[in-house]
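Each step along the sequence shown adds one to the number in UniProt numbering, with nothing skipped, and position 127 is 127. Cβ coordinates follow ideal geometry from the N, Cα and C atoms, glycine included.
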Amino acid sequence: MGLLWMPPKCFGQLLFLVKVILEQPQKMKAVRNDQESEAYFSSEIARGNILQENQNDGVFITTKIIVGADSEKSVTHTRVVTASALGIFVSRLPKVSYLIIIESLWTDLTSFSGVQRQVAAMILVSWCKELRNRECPISHESLICLPEKVQCWLLDLLACSDPSFPTKGSLLPYAELSRTYAKMRNEANSLFRLVESCGAFQNFISTININWETIGIDEAISFASKIPRLSDSGTPGNLIHDLESAKQQLVATTGYLKCVQNNLHITVSAMLAAAVVWMSNFPAKLNPIILPLMAAIKREQEEILQEKAAEALAELIFSCVGEDLARMTN
1 MGLLWMPPKC FGQLLFLVKV ILEQPQKMKA VRNDQESEAY FSSEIARGNI
51 LQENQNDGVF ITTKIIVGAD SEKSVTHTRV VTASALGIFV SRLPKVSYLI
101 IIESLWTDLT SFSGVQRQVA AMILVSWCKE LRNRECPISH ESLICLPEKV
151 QCWLLDLLAC SDPSFPTKGS LLPYAELSRT YAKMRNEANS LFRLVESCGA
201 FQNFISTINI NWETIGIDEA ISFASKIPRL SDSGTPGNLI HDLESAKQQL
251 VATTGYLKCV QNNLHITVSA MLAAAVVWMS NFPAKLNPII LPLMAAIKRE
301 QEEILQEKAA EALAELIFSC VGEDLARMTN
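What follows is the structure in structure tokens.
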């Protein structure tokens, strides 16, 4: 819909966004209930529980994916509070030290780690909010002096709407997911080798043209779903069992990976968008900022991050209204 800085196009969308924010407190409980139900995955192919990797001994256990457990909430809360404190601390430093700080944040923003990007963005949010709250000329000047490359990179990251490819110019996933991606690709390759060993799927095998080292989630799901069923007659029972088990394991891994990846992307994108909002230098089109914030308000599992997204969206609305009122009075 391409929102522009024009009163006729802006106010209709602003009224809608105001309504969304006002309705969120009533919807929070329903959203959290939806999130609890979405935490359990079922697949038409696997029809089983998700198997999550045990990081301690490498074995697989049947478990329920509980998103937003107490330990996770504690980690997230600590991360948010620490980033906010760092932002306030940075705002008190002399301006000559800003370049060093920005370079450190730049390193995190350009990394492949979603958590590093998220924390760097939250520090920027806290930093810019603190400078603005002082309401003095020096603070306003400091906000303007933030390098343009930072905002451009934030917008480039926000343009990466596909969670599988979160970095401009790269096909790599978030660094936090690299181990699970490797696990999924190994399982997909093993399943293919098992299909090859059956000797009954030559026509199907001839249609497969997949790079097992770079196979993505959707491609792996598609591959598993297209494998024909072995007939019980003339086929050893253990072979049928091994094939079905390998297929179910791959589908379970891809389902788990897709869930975690989507959740991480929602969180990271929302904090990047919030940083753009509080830097107060908006692009011509606001969709790349609005959509991640609204997605986090609706689907973010952590309430403290939902609040951060809602606060940024409210600030964006306030800025748009103030800008348009100023234009109309001139």
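Within 10 Å of its beta-carbon, does residue i have 16 or more other beta-carbons around it, so buried, or fewer, so exposed?
i: Arg117; result: buried
i: Glu302; result: buried
i: Phe318; result: exposed
i: Asn133; result: exposed
i: residue 357; result: Residue numbering for the chain in the displayed model covers 1 to 330; residue 357 lies beyond these limits and cannot be assessed.
i: Gly216; result: buried
i: Cys152; result: exposed
i: Lys95; result: exposed
i: Ala93; result: Reading the sequence as shown, one finds Leu at residue 93 and not Ala. Flag for Leu93 reads exposed.
i: Glu196; result: exposed
Report yes if the CB atom of residue i is closer than 8 angstroms to the CB atom of residue j, and no otherwise.
i: Ile290; j: Ala310; result: no
i: Tyr174; j: Phe112; result: yes
i: Val277; j: Leu316; result: yes
i: Val260; j: Ala224; result: no
i: Pro228; j: Phe192; result: no
i: Glu176; j: Val119; result: no
i: Leu286; j: Ala312; result: no
i: Leu194; j: Ala275; result: no
i: Ile123; j: Leu99; result: no
Measuring only the C-alpha atoms, how far is residue i from residue j?
i: Leu86; j: Met271; result: 16 angstroms
i: Asp218; j: Asp162; result: 12 angstroms
i: Val321; j: Arg185; result: 49 angstroms
i: Val125; j: Ser280; result: 11 angstroms
i: Glu38; j: Thr254; result: Confidence in Glu38 is poor, its pLDDT being 43 and thus under 50, which makes the residue's placement unreliable; the coordinate value appears in the next sentence. Using only the alpha carbons, I get a separation of about 15 angstroms.
i: Ala314; j: Cys160; result: 23 angstroms
i: Glu307; j: Asn263; result: 16 angstroms
i: Pro283; j: Asn209; result: 41 angstroms
i: Thr76; j: Glu103; result: 24 angstroms
i: Gln248; j: Ser222; result: 13 angstroms
i: Ser84; j: Arg179; result: 30 angstroms
i: Gly169; j: Ile88; result: 33 angstroms
i: Leu257; j: Ser206; result: 28 angstroms
i: Pro288; j: Phe201; result: 46 angstroms
i: Glu213; j: Thr167; result: 19 angstroms
i: Asp108; j: Asn238; result: 49 angstroms
i: Ala273; j: Glu300; result: 14 angstroms
i: Leu243; j: Asn189; result: 13 angstroms
i: Ala220; j: Ile101; result: 42 angstroms
i: Asn211; j: Lys183; result: 15 angstroms
i: Ala295; j: Glu130; result: 26 angstroms
i: Thr78; j: Ala121; result: 15 angstroms
i: Lys226; j: Thr110; result: 38 angstroms
i: Pro147; j: Ser74; result: 33 angstroms
i: Asn56; j: Glu187; result: Per-residue confidence for Asn56 stands at a pLDDT of 41, beneath the threshold of 50, marking its modelled position as unreliable; the derived number appears in the next sentence. Each residue's Cα considered, the two are about 20 angstroms apart.
i: Trp241; j: Thr82; result: Before going further, note that residue 241 is His rather than Trp in the sequence given. Distance between the alpha carbons of His241 and Thr82 is about 50 angstroms.
Mind reading off the beta-carbon distance from residue i to residue j? Whole number of angstroms is fine, and I expect it under 8 angstroms.
i: Leu157; j: Phe165; result: So it is not a contact: roughly 11 angstroms between Cβ atoms.
i: Ser91; j: Trp127; result: 5 angstroms
i: Val80; j: Ile304; result: 5 angstroms
i: Cys198; j: Leu230; result: 7 angstroms
Beta-carbon of residue i versus every beta-carbon of chain D: anything under 8 angstroms?
i: Leu272; result: Any reference to chain D falls outside this structure, which holds one protein chain only.
Going residue by residue through the region 151 to 216, where are the continuous alpha helix (DSSP H) segments of at least 4 residues, counting only ones entirely within it? 178 to 198, 202 to 206
For the region 98 to 123, which segments carrying the alpha helix (DSSP H) assignment without a break, of at least 4 residues, lie completely within its bounds, in sequence order? 98 to 109
Which runs of the alpha helix (DSSP H) fall wholly inside the region 246 to 304 and span at least 4 residues, in chain order? Under the rule that a run must span 4 or more residues, the alpha helix (DSSP H) segments found entirely inside the region 246 to 304 read 287 to 299.
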